[in-house]
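Visitor: Mind looking over this structure? Questions follow.
Numbering (the numbering used here), first residue to last: 706 to 1180.
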């Protein structure tokens, strides 16, 4: 299977821990994980039997003769040979008496893990050869440096990410996958063995019928409520939208307004009970989660790929479709869109509206193009670029004012790029930016070129040429 990045998500500055901690499990936690794993294996064996397959032998059957359960109860065996009677010296290390770590090495390791107040954290869901990870990147803007700080192994291919505003000092991210359970992980924990919680997770055989308590199919979209931080909304392929209470990890409510997969959900920024949703039924729905029926429903020209409220206007929202279009609606006019863009030649898989710069819209498509638009007055294309990430699956503007012009882009090639769009001449002209220090466009990413023969991601000494495969847009 090819490497791909399905979703990216920024964490604002100041929220990540300066020194992420390493997870250490208690005996009780290890026992709980072991029991949960045994239960999952048991249900998997039952499903195989029900489907007519021969379940594999239980490993415990082969180990019974060794009586491992009573291993610690066996009597001590007398030492013989050169160890008998000898004195064994133990160095002072509370965790392991056989290991001694140099204090300088410990300080160096601690410094490498440090996250500075000026660092930006970017989360990325990556799948490579059927192995999926949640990668936590550190982006150092002044040094033009992007690297993986640590990662978390995921049990299934991730489809969406949503950072959760901290509660009780925890820095959490929700992950939607092809499985119906939503995993919530602690970003500030390194070498995490188990998620902080699982919303709707069940080890029992998945039921195909939608219900009020949990999803029964893939989770395609997530949205955290910024006003009520304990609330998380999710849209699923089971055609339902669910509202989760993070305090008890239970489903608080469920709606079935869509007639096909729910591909996108987003809470209103100021009206905390209003939720925007879009689906493969080509419908965009506004609903008050306190009411029993939707308050608005409009149609588009194709399956909905992404939606977003306009952060600079409380009444307007955007929607992109598989037909390559982008729509702009006014919720006060419950009929036609204010305008429509024929934005791409393929599905507009992702779009992002800059939270700091009014009218600055970015769109990404499976046609491999990333496009920047000025839609403040009348919609106009500013620049279109192939950033070398393959089919564009996800884009997101940085949330902090200091890096408001930075756009993260990921796609089917498994590479992640951060584009400083302010360094593009067409962008500076469109948004009236005066910056004489800009010499060339700036694109920061890991050194993962699509073609091994290309020089993508490297600057040739004494050369002002653009990154391979990209053209400088001057107008």
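C-beta: ideal position from N, C-alpha, C; glycine also.
Can you name, in chain order, every residue of its own chain whose Cβ lies under 6 Å from the Cβ of residue 1106, other than the five neighbours on each side?
Guide: Taken in chain order, the residues that qualify are 1061.
Visitor: Is it buried or exposed for residue 1042, if we count other Cβ within 10 angstroms and need 16 for buried?
Guide: When all chains shown are included, residue 1042 counts as buried.
Visitor: Thinking just about the alpha-carbon of each residue, which of 1008, 1084, 991 and 1077 is nearest to the one in residue 1033?
Guide: Residue 1033 has its Cα closest to that of 1084, out of 1008, 1084, 991 and 1077.
Visitor: Using a threshold of 8 Å, state whether the C-beta atoms of residue 649 and residue 868 are closer than that.
Guide: The structure shown has nothing for residue 649, since the chain only spans 706 to 1180.
Visitor: Excluding five sequence neighbours on each side, which residues of the same chain lie with their C-beta closer than 7 Å to the C-beta of residue 1169?
Guide: Residue confidence is low: residue 1169 scores 37 on pLDDT, short of 50, so the model does not pin down where it sits. No coordinate-derived value is stated.
Visitor: Between residue 1014 and the rest of its own chain, which residues show a CB-CB distance below 7 Å, the 5 nearest in sequence each way excluded?
Guide: Closer than 7 Å at Cβ, skipping near neighbours: 971, 973, 974, 981 and 1022.
Visitor: How would you call residue 1157, buried or exposed, if buried means at least 16 neighbouring beta carbons within 10 angstroms?
Guide: Only weak support exists for where residue 1157 lies, its pLDDT of 34 falling under 50; the value from the coordinates is given anyway. By the neighbour-count rule (16 or more Cβ atoms within 10 Å), residue 1157 is not buried but exposed.
Visitor: If we count the other Cβ atoms within 10 Å of its Cβ and call it buried at 16 or more, is residue 944 buried or exposed?
Guide: Per the 10 Å Cβ criterion, buried.
Visitor: Based on the DSSP secondary-structure assignment, which residues constitute the bridge partners of residue 1034?
Guide: Bridge partners of residue 1034: 1022.
Visitor: Would you mind stating whether residue 649 and residue 1128 have Cβ atoms separated by less than 8 Å?
Guide: This structure gives no information on residue 649, because the portion of the chain shown stretches from 706 to 1180.
Visitor: Given this structure, state the Cα-to-Cα distance separating residue 880 from residue 866, to the nearest angstrom.
Guide: Answer to the nearest angstrom: the Cα atoms are 5 Å apart.
Visitor: On the three-state DSSP scale, how would you describe residue 1080?
Guide: In the structure shown, residue 1080 sits in coil (DSSP, three-state: anything other than H, G, I, E or B).
Visitor: Grouping DSSP H, G and I as helix and E and B as strand, with all else coil, what is residue 1128?
Guide: Residue state, collapsed to three classes: helix.
Visitor: Consult DSSP for residue 834 and reduce its assignment to one of helix, strand or coil.
Guide: Correct three-state label for residue 834: coil.
Visitor: Check whether the segment 997-1008 touches the segment 948-955, counting contact only when three or more Cβ pairs, one atom from each stretch, lie closer than 8 Å.
Guide: Cβ pair count under 8 Å is below three, so no.
Visitor: Could you spell out the range, first to last residue, of the beta strand (DSSP E) harbouring residue 882?
Guide: Unbroken beta strand (DSSP E) run through residue 882: 875-882.
Visitor: Along the chain, where does the beta strand (DSSP E) containing residue 1013 start, and where does it finish?
Guide: Run containing residue 1013: 1009-1014, per the beta strand (DSSP E) assignment.
Visitor: For the putative contact between residue 966 and residue 983, defined by C-beta atoms under 8 Å, what is the C-beta separation to the nearest angstrom?
Guide: Not really, about 10 Å apart at Cβ, beyond 8 Å.
Visitor: Would you tell me roughly how many angstroms separate the C-alpha atoms of residue 902 and residue 884, rounded to the nearest one?
Guide: Roughly 15 Å separates the two Cα atoms.
Visitor: Taking the C-alpha atoms as reference points, what is the distance between residue 713 and residue 838?
Guide: Cα-Cα distance, rounded: 12 Å.
Visitor: CA-CA distance, residue 979 and residue 1011?
Guide: Whole-angstrom Cα-Cα distance: 17 Å.
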